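So the sequence shown is numbered by full-length UniProt numbering: it starts at 1 and just counts up by one. Positions of the beta carbon are idealized from the N, C-alpha and C atoms, including for glycine. For clarity, every value in this text was computed on a predicted model and none was experimentally measured. This report concerns only the one structure given below.
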Amino acid sequence: MAFIRKKQRERQLQLYSRERFSLLLLNLEEYYFEQHSANHIQHKGSQSERKIRGSLKICSKSVIFEPDAISQPIIKIPLRDCIKIGKHGENGANRHFAKTLSGEISLIFSQVYFIKEHNIVAPYKIERGTMEYVFELDVSGKVEDVVETLLQITAILQSRLARTSFDKNRFQSVSEKLHMECKAEMVTPLVTNPGHVCITDTTLYFQPLNGYPKPVVQITLQDVRRVYRRRHGLMPLGLEVFCTEDDLCSDIYLKFYEPQDRDDLYFFIATYLEHHVAERTAESYMLQWQRGHLSNYQYLLHLNTLADRSCNDLSQYPVFPWVISDYCSAELDLSNPGTFRDLSKPVGALNKERLERLLTRYQEMPEPKFMYGSHYSSPGYVLFYLVRIAPEYMLCLQNGRFDHADRMFNSIAETWRNCLDGATDFKELIPEFYGEDVSFLVNSLRLDLGKKQGGQLVEDVELPPWAQSPEDFLQKSRDALESDHVSEHLHEWIDLVFGYKQKGRDAVEAHNVFHPLTYEGGVDLNSIEDPDEKVALLTQILEFGQTPKQLFVTPHPRRITPKFKSLPQTSSYNASTADSPVSPGEESFEDLTEESRTLAWSNITKLQLHEQHKIHKEAVTGIAVSGNGSSVFTTSHDSTLKMFSKESKMLQRSISFSNMALSSCFLLPGDATVASSSWDNNIYFYSIAFGRRQDTLMGHDDAVSKICWHDNRLYSASWDSTVKVWSALPAGTTGAQRLQFELLAELEHDVGVDTMSLNAASALLVSGTREGAVNIWDLATATVLHQIPCHSGTVCHTAFSPDSRHVLSTGEDGSLNVIDVQTGMLISSLTSAEPQRCFLWDGNSVLSGSQSGELLVWDLLGAKISERIRGHTGECPAADPSPLPKRAPKPAFPPAGVLFSGRQRPVRPCAVVAPLQTLVGQRPASLASSRIWIYADRRLTPKWKL
C-alpha cells in the first residue's frame, strides 16, 4: 500500500543517479555531506596492487566507498573505529589526524562493513582487526579539504547550512517571487537529509545540502491538495505535503529546526489552499463514514493521516486493527461473531490471564506507571511485516543484520498467537494487510532471510487455511474489515487508538496505558541540554513507537448504514424525465418513493425565482400550506395571520389576534384550524370555516417562539426558558368546538428557547437557546440526553436528519453544526460569512437561507457550498417541516416549489414546498419585511406550485 508506493517512487529517484548508495546506509542522526571520485588502492606497494574505481562519500559518522563495479561491495568505515587518518606510510604516532600532500588518504581502523556485494541485499559482512585502506582522489588538491572536513566533522553540518543558501537559479521562472527561505531536513523512512527550503508564490522547493538524490525537489502549489503539521520525535517540527487525495504517501515530508519556520510555511500554503481545496477535518470524515460514503478502510486511512501517522516516519506509521481472530478454520465465516477480534479491547487485554499478570505488575510499579512494556506500533513492528519488500530498511534499523529466522514474519496464525500470548508482543497491523499488493507476503526478491531451527528456509509468509492465495488472503481480510460486525464495533477501537480512551482515567479503565515517552507531551526535548542524553532519548522515542495524536475526547459515534444511497445525476431516469411534461395523477407527494426524494434533492441546485407576492408590512415569520395546495397561511411581525389563495393569487383574509408579533404557524390535521404563536405569550387557534378565533392557550410567561404538532400533541417553545408538551383532546365535529389541552411535560432550560424541532417519530426533540446551546431531549422520559454549547450567540434553527441519527443547527455566529444524537458529539462544523437563518436537509445536503438573502446549497460530506441561489434583496427567516398537499398531482419529478419571505434589505427564507416541504418562521430581525418568494427548478414543470 503506502509503503510499497513509497518504494516505487524511490526506485524512480534511483534511476536519476543509478547508485547503489542509499541514505539507509547511514546511522540514526548521521548526515551525508559530499562525495569525491576516487580509487580504492588494494595491496598498496605490492605486486598484487590494483585500483578499484568508485566514489568516496564523506558522512558525519562514517566514510563510505562505493565501487563502480557492482561485483565489489560497498565499504563503510565508522569514524569511531578509526585509529588514524592521514598520508599513506606516515608514522605520526602522536597525531590522530595528519594532512597529506599527495592525492592519497590513508585510513587505519579496527572495524569495517561490506555491503551489497554483487548488488545483493543481505546482512552486512563485518571484518574486525587493525587494517589500513588507501583511497586516491582524482583531484589531489581536495585531499586537504577532505581531511579538514574529517577534523571538524561534528560542527560541519550547521556551519555549511549557515554558509549556504538556496540556489535561486533553480527557480522555474524568473517571475517567481520569493516568500521565505529556511533550513530544514527532508524526512524519509529512517533517514533525514538536511538542506534548504524555499517557497515562492507558485512553487515549494527543497535543495538537499548534498544534492542527493537529486539537486532540487520541487512541488507546484497548484498541485497541492493537503498539507499537515506533524510531530517528529514528539516535537512540533514536521510538515507533510500531499498532491493526492486518497494516499498516505506524501510528496514531501519536511522537518524544521524551529517551530516558527514550520508554522510560517504551513500558513502560507494553507492560505493558498483556502481558495483551491476544501479543508478536511476528523469530524467531516466521521460524518462521511457514518453515512456510508467512506469505507472503514478509507476512514482509518484518513484518521491516521490526521493523527500524524505517515509512511515517511516509521515510528508513526499508519496503524490498523487486527479484526479476524480465526486463522485455523478451513472456511472464513464472516457471519459468525466468533470469527472477529474484540475491538473494544487493546491487543494486550485480549488474553485475560496475561492481562492479570500485567495488571499485577502495574499496581506494584512506581510512578509513572504503564501497563505495556512495548507499543502496538513501532519501526521494528512495521519492518517485521515488510522485510520482504524493504530489506534495506531492516538492515539499517538493525545495524546490518536481519532478525533471527524463527522470530521473522513467518506465519499469519503464528503472529496472531504471539500477539495473544506473548509477554511483550502487543502489535496491531498496518494498512498493507487490507490493501491490494501482496508483495510483502511473498519473497519475490529471493532474499536469504536465514533458516529456522527445523532447517526450513524463511520464504513466503504462511497463510491461514481459509486463504487460497496471498490475493485471496488480502481480499478476505478486506471483506472482514468492511463487514457489518466490524462496522458496528470499529468505533470502539477508534476510541482506544485515536479517541477518549487513549489517555487519563478512561485509558486506565480500558487497560490502554503505554510508556509515557510514547505520548505527545510526554517529554520536552528542548529542556535537555546534554546532547548525548538528547540523542539517546530521541533514539528511544523513534525506536519504541509513538501513540497517535488524540483526535476525539468524547465517545466516537457508531456507524450508520443508510437505507438509500444518492443516485447519480446522470442516471437514465434523470436524463429521460428531465424535460418531460408533467402528467396529472391522483397520488400524493407522501406516496413518492425515497428514490424520488433523492432525485429531487439532487436537482435542488437548479432552483430559480418563480413568483413573489407582497402580503405583509413586516417580516414573514411562518408559512403553512393547506393539504390540497389551494391556500397559504402566513404569520408576520406585523401581528397578522393572513390567508393567500394559490389559484387567484389574491389575499383572502387578514386576522389580528393582538398587537404583538406572531412567530410561527401550522395547520391542524383536517385543515380546519390554523394555530399561531405570539410574542404576547399566547397560542391562538383560528377556525377557517367560521372565520374567527376558536381558542387561546395561555401557557407561557414570555413570548412563544415556536410551535409544532404531531399525533394530537402540541409542542411550544418560549423565551420563558421552557418547552412544553400538551395533549389535545379529540375535537368535535364542528369547527367551533373549543380545543382542550393538558400539560404533559415541561422541558426546562437555563435561558430562553428560540427554536425547536421533532424527529420523525416524535420520540426526540431538539431545542436551541439564546446562549448558543443545543439540547437533545428524550420525550418519553422528559429528560435531556445531551447539552451541546456549540454556538456563540442565538441558535437560529435546528432539525433532525431523516434517519434521526444527526441534528443540524445554525446560529447567529454563522456556523452550521452537525451533532451525533447517540453520543452528543459535534462531528462536523462549517462556517459561513453570515448567519444562516433557516435550512432544510436530507442528512447529506442542506438548503439554507442567509442573512444577505441568498439561498445556499451545502454539501456536508464535501464540506463546501455547492450552489448560491440569488433572488432576495434581504434576510431569510427560519425553517420547519409542515404537511404537504394530500392530493397533489404526481409529476415526473417531485414538485420543487420553494417559498420564502423577503425583506427590503436583508432576507429570511420562510417556506419550502414539496419535495422539501414547508419552512416556518423563527424569531426575526428588526427590519421590515413583506414579501413571499417562490422558487422552482428550471428543469421541472410541476402542475402543483404556489
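**Request:** Apply the 10 Å Cβ neighbour rule to T271 and answer buried if 16 or more other Cβ atoms are within range, or exposed otherwise.
**Result:** Counting from one through the sequence shown, the residue named residue 271 turns up at place 271. Under the 10 Å beta carbon count, T271 is surrounded by fewer than 16 other beta carbons and is classified as exposed.
**Prompt:** Would DSSP call T634 helix, strand or coil?
**Reply:** Taking the first residue of the sequence shown as position 1, residue 634 is located at position 634. In this structure, T634 counts as strand in the three-state DSSP scheme.
**Message:** Does the stretch 402–410 come into contact with the stretch 444–456, if we say contact requires no fewer than three beta-carbon pairs (one atom in each stretch) closer than 8 Å?
**Reply:** In short, these stretches touch, since the Cβ pair count reaches three.
**Message:** With distance defined between alpha-carbon atoms, name the residue in T673, T281, K183 and H196 nearest to L551.
**Reply:** Sequence index remark: in the sequence shown, residue 551 carries index 551 (1-based). With distances taken between Cα atoms, L551 lies closest to T281.
**Item:** Span of the beta strand (DSSP E) around R478
**Value:** Translated into positions along the sequence shown, residue 478 becomes position 478. No beta strand (DSSP E) holds R478; the alpha helix (DSSP H) holding it covers P470 to L481.
**Item:** Proximity to R868 [Cα-Cα], best of S850, G862 and D484
**Value:** Numbered from its first residue, the sequence shown carries residue 868 at position 868. Selected option, being the one with the closest Cα: S850.
**Asked** Which residues does DSSP pair with Y385 in a beta bridge?
**Response** Position 385 of the sequence shown holds residue 385. None, per the DSSP bridge assignment.
**Message:** Would H511 and F544 be called neighbours here (beta carbons separated by less than 9 Å)?
**Reply:** Working through the sequence shown from its first residue, we reach residue 511 at position 511. Working through the sequence shown from its first residue, we reach residue 544 at position 544. Not a contact, by the Cβ cut-off of 9 Å.
**Asked** Taking Cβ to Cβ, would you say I52 is nearer than 9 Å to I64?
**Response** Within the sequence shown, numbered from 1, the residue matching residue 52 stands at position 52. Within the sequence shown, numbered from 1, the residue matching residue 64 stands at position 64. I52 is not a Cβ neighbour of I64, given a cutoff of 9 Å.
**Prompt:** Are the beta-carbon atoms belonging to Q288 and L816 less than 9 Å from one another?
**Reply:** Locating residue 288 in the sequence shown gives position 288, counting from the first residue. Locating residue 816 in the sequence shown gives position 816, counting from the first residue. Not a contact, by the Cβ cut-off of 9 Å.
**Request:** Just mark E136 as buried or exposed, buried being the case when its beta carbon has 16 or more other beta carbons within 10 Å.
**Result:** One-based indexing of the sequence shown puts residue 136 at position 136. Residue burial is scored here from C-beta neighbours: E136 has at least 16 other C-beta atoms within 10 angstroms and is therefore classed as buried.
**Request:** Indicate the three-state DSSP secondary structure (helix, strand or coil) for W709 in the structure shown.
**Result:** Position 709 of the sequence shown, counted from the start, is the residue given in the question as residue 709. Reduced to three states, the DSSP call for W709 is strand.
**Prompt:** Where T339 and A480 are concerned, what is the direct C-alpha to C-alpha distance, given to the nearest angstrom?
**Reply:** Position 339 of the sequence shown, counted from the first residue, corresponds to residue 339. Position 480 of the sequence shown, counted from the first residue, corresponds to residue 480. Spanning the two alpha carbons is a distance of roughly 9 Å.
**Coil, strand or helix - A624 by DSSP** = The count along the sequence shown starts at 1 and reaches residue 624 at position 624. The three-state reading of DSSP puts A624 in strand, counting E and B together.
**First through last residue of the beta strand (DSSP E) which encompasses residue 976** = Because the chain spans 1 through 946 in this model, residue 976 falls outside it and cannot be assessed.
**Message:** What I want to know is whether the C-beta of H404 ends up closer than 8 Å to one or more non-hydrogen atoms of the ligand COA.
**Reply:** Annotation note on the ligand COA: not contained in the displayed structure, which lists no ligands.
**Request:** Find the nearest neighbour of L23 within the set H43, S37, K57 and Q47, judged by alpha-carbon distance.
**Result:** Residue numbering aside, residue 23 sits at position 23 when the sequence shown is read from its first letter. Among H43, S37, K57 and Q47, the Cα nearest to that of L23 belongs to K57.
**CB contact flag (V795, T783, <9 Å)** = Here residue 795 corresponds to residue number 795 of the sequence shown, with the count starting at 1. Here residue 783 corresponds to residue number 783 of the sequence shown, with the count starting at 1. No.
**Request:** Just confirm the distance between the C-beta atoms of I412 and L463, as a whole number of angstroms; I'd bet it's less than 8 Å.
**Result:** On the sequence shown, position 412 is the one that residue 412 refers to. On the sequence shown, position 463 is the one that residue 463 refers to. That belief holds up - the Cβ atoms of I412 and L463 are roughly 6 Å apart, short of 8 Å.
**Item:** Beta bridge counterpart(s) of P78 as assigned by DSSP
**Value:** As a first step, residue 78 must be located in the sequence shown, where it is residue number 78. According to DSSP, which records beta bridges pairwise, P78 is partnered with S62.
**Message:** Would the stretch 379–398 count as touching the stretch 337–351 if we require 3 or more Cβ pairs under 8 Å?
**Reply:** no
**Message:** I'd like to check one pair, F426 with Y372: are the Cβ atoms closer than 9 Å?
**Reply:** To locate residue 372, count along the sequence shown from 1; it is residue 372. To locate residue 426, count along the sequence shown from 1; it is residue 426. Yes. Within cutoff.
**Prompt:** Between the beta-carbon of H786 and the beta-carbon of G824, is there less than 9 Å?
**Reply:** Numbered from 1 along the sequence shown, position 786 holds the residue referred to as residue 786. Numbered from 1 along the sequence shown, position 824 holds the residue referred to as residue 824. Against a cut-off of 9 Å, the Cβ pair of G824 and H786 comes out as a contact.
**Message:** I need the boundaries of the beta strand (DSSP E) containing Y228, first residue and last residue.
**Reply:** Taking the sequence shown and counting its residues from 1, the one referred to as residue 228 is at position 228. R226 to H232 is the extent of the beta strand (DSSP E) around Y228.
**Prompt:** Could you check where the alpha helix (DSSP H) with H302 kicks off and where it finishes?
**Reply:** Counting from 1 along the sequence shown, the entry for residue 302 is found at position 302. That run of the alpha helix (DSSP H) goes N296 to L306.
**Prompt:** Is DSSP giving G811 helix, strand or coil here?
**Reply:** For the purposes of this step, residue 811 is taken as the residue at position 811 of the sequence shown. Note: G811 maps to strand in three-state DSSP.
**Message:** Suppose you measure from the CA of D880 to the CA of E834; what does that come to, to the nearest Å?
**Reply:** As a working mapping, residue 880 is identified with position 880 in the sequence shown. As a working mapping, residue 834 is identified with position 834 in the sequence shown. Below a pLDDT of 50, predicted positions are generally treated as unreliable, and D880, at 41, falls in that range; the measurement from the model is reported next regardless. Going from the Cα of D880 to the Cα of E834 covers about 20 Å.
**K352 versus R309, L420 and S377, residue with shortest Cα-Cα distance** = Stepping through the sequence shown from its first residue, residue 352 is reached at position 352. That would be L420, whose Cα lies nearest to the Cα of K352.
**DSSP three-state assignment for V766, whether helix, strand or coil** = By 1-based counting over the sequence shown, the position of residue 766 is 766. Residue state, collapsed to three classes: strand.
**Asked** Alpha carbon to alpha carbon, what distance is there between S374 and S718?
**Response** Numbered from its first residue, the sequence shown carries residue 718 at position 718. Numbered from its first residue, the sequence shown carries residue 374 at position 374. For S718 and S374, the distance between alpha carbons rounds to 57 Å.
**Message:** Check for me: the alpha helix (DSSP H) holding M825 runs from which residue to which?
**Reply:** For the purposes of this step, residue 825 is taken as residue 825 along the sequence shown, with counting starting at 1. Neither: M825 is in no alpha helix (DSSP H) and is coded neither H nor E.
**Asked** Since H220 contacts E176 with CB under 8 Å, what's their CB separation in whole angstroms?
**Response** In the sequence shown, the residue the question calls residue 220 occupies position 220. In the sequence shown, the residue the question calls residue 176 occupies position 176. In the sequence as displayed, the identity of residue 220 is Thr instead of His. In fact, because the Cβ distance is near 11 Å, the residues do not count as touching under 8 Å.
**Prompt:** Any idea if Q546 is buried or exposed, counting beta-carbon neighbours within 10 angstroms, 16 or more meaning buried?
**Reply:** Position 546 of the sequence shown, counting from 1, holds the residue named residue 546. Buried: at least 16 other Cβ atoms inside 10 Å.
**Asked** Which term fits S926, buried or exposed, when burial requires 16 or more other beta carbons within 10 angstroms of its beta carbon?
**Response** The residue labelled residue 926 in the question sits at position 926 within the sequence shown. Here the model assigns S926 a pLDDT of 30, short of 50, so the residue's position is not dependable and the matter cannot be decided.
**Prompt:** Does any residue of chain B bring its CB to less than 9 Å from the CB of S284?
**Reply:** Given the protein chain composition of this structure (a single chain), no chain B is represented.
**Request:** Quick one: residues in its chain with C-beta nearer than 6 Å to the C-beta of I494, no 5 flanking neighbours on either side, listed in chain order?
**Result:** Taking the first residue of the sequence shown as position 1, residue 494 is located at position 494. Around I494: H556.
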